[in-house]
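Step one of this worksheet: look at the structure below.
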Amino acid sequence: MRKKIVAGNWKMNNDKNETKILIADLKESLKGVELENTRVIIAPAFVFLQRTAKKIKNSKLEVAAQNMHQEESGAYTGEVSAKMLKSVGVNTVILGHSERREYFGETDTLLTKKVNRALQHKLEVIFCFGEKLEDRKSGNHFEVVKAQLKNALFHLNSEDWQHIILAYEPVWAIGTGETASPEQAQEMHAFVRELVAERYISDVSEEVSILYGGSVKPANAKEIFSKEDVDGGLIGGAALHADDFLAIINAI
Ligand code: 13P
């Protein structure tokens with residue numbers, strides 16, 4: 199049975215103290231909670247990853263990085279490598295977020311390299327993809343998503359997919375308060391699962407978790423998560439408040 203996952207992408211939010219408090223609140227609140235077949239992941243900023251990895255040991259939380267560089271090592275000022283992440287206890291990395299694509303020029307070609315490097319270091323990848331508003335308006339959303347997945351992931355072999363989590367994040371729904379309807383999310387998730395099924399043996403498409411991201415809140419989480427092909431959420435703004443994040447975990 200594929201895993202349910204609720205992941206919080208904290209983006210460039212929370213200083214050291216805020217990070218400490220939020221993690222402590224989440225840890226404490228999750229103590230008595232039975233997380234059946236569900237993983238809870240948080241992705242604070244790079245500078246807090248090492249400390250976070252230590253803090254969450256023996257808790258129900260897991261930690262992820264929000265990005266990493268594609269090269270093994272070298273003269274890339276300001277960058278962080280897969281090996282560095284592994285060495286501080288991080289086993290999961292978010293790649294391909296639309297903000298990375300939009301503000302940092304990340305292309306499918308670059309993301310292929312990042313995915314390969316991550317897998318080489320046995321990092322699990324939460325791979326984000328999704329169409330822009332103009333793609334949806336012009337009816338191109340399926341084609342855009344298909345290209346994003348094909349270009350960056352379809353060279354992988356079936357075993358590699360055990361370390362891939364997909365996250366459909368329509369760009370028009372991120373941080374806008376506008377969510378895809380549960381039906382729109384289900385439609386895209388089913389399309390993606392079918393794409394994977396066409397490319398790989400059946401197990402891969404059935405086992406891969408596909409998360410939805412884009413203005414998920416306690417008020418809409420349950421309805422979105424109730425859809426057959428929605429296996430959880432990648433949460434931005436609402437992951438910064440322990441109560442909201444816990445309510446979303448509860449919704450799953
Ligand atoms: P919001 O939940 O703030 O819309 O952000 C979603 C997101 O980008 C998660 O990666």
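Going left to right, the sequence shown walks through residues 199 to 450 as our numbering numbers them. A virtual CB, placed ideally from N, CA and C, is assigned to each residue, including glycine. As the structure is a prediction and not an experimental result, all values here were calculated from the model.
Between which residues of its own chain and residue i is the CB-CB distance below 6 Å, once the five residues before and five after are set aside?
i: R315; result: Q268 and A280
i: Y398; result: S356
i: N448; result: none
i: N418; result: T377
i: K225; result: S257
i: G230; result: none
Suppose the cutoff is 8 Å on Cβ atoms and the five residues either side in sequence are ignored; what does the same chain contact list for residue i look like?
i: T250; result: T217, I221, I240, P242 and V261
i: V406; result: R200, W359, I362, I363, L364, R391 and V394
i: S271; result: S279 and K281
i: F340; result: M386 and F389
i: E396; result: none
i: E367; result: H295, S296, C326, F327, G328, Y410, G411, G412 and L432
Please look up how many angstroms separate the CB atoms of residue i and residue j, rounded, as I've assumed it's under 8 Å.
i: E376; j: S413; result: 6 Å
i: L444; j: S227; result: 5 Å
i: G434; j: G373; result: 6 Å
i: L321; j: V291; result: 5 Å
i: I324; j: L432; result: 7 Å
i: F244; j: K214; result: Their Cβ separation, rounded to whole angstroms, is 13 Å, which puts F244 and K214 out of contact at 8 Å.
i: I450; j: K202; result: 5 Å
Suppose the cutoff is 7 Å on Cβ atoms and the five residues either side in sequence are ignored; what does the same chain contact list for residue i look like?
i: L309; result: L293, G294 and A350
i: R298; result: N265 and E304
i: K344; result: L393
i: E426; result: Q384
i: I446; result: V204, V414, P416, A419, G431, I433 and A436
i: A371; result: T377, A378, G412 and S413
Would DSSP call residue i helix, strand or coil?
i: A395; result: helix
i: V343; result: helix
i: L224; result: helix
i: R237; result: strand
i: A371; result: helix
i: Y301; result: helix
i: K415; result: coil
i: N215; result: helix
i: I324; result: strand
i: L308; result: helix
Strictly under 8 Å for the Cβ-Cβ distance: is residue i near chain B by that measure?
i: R200; result: Of the protein chains in this structure there is only one, and it is not chain B.
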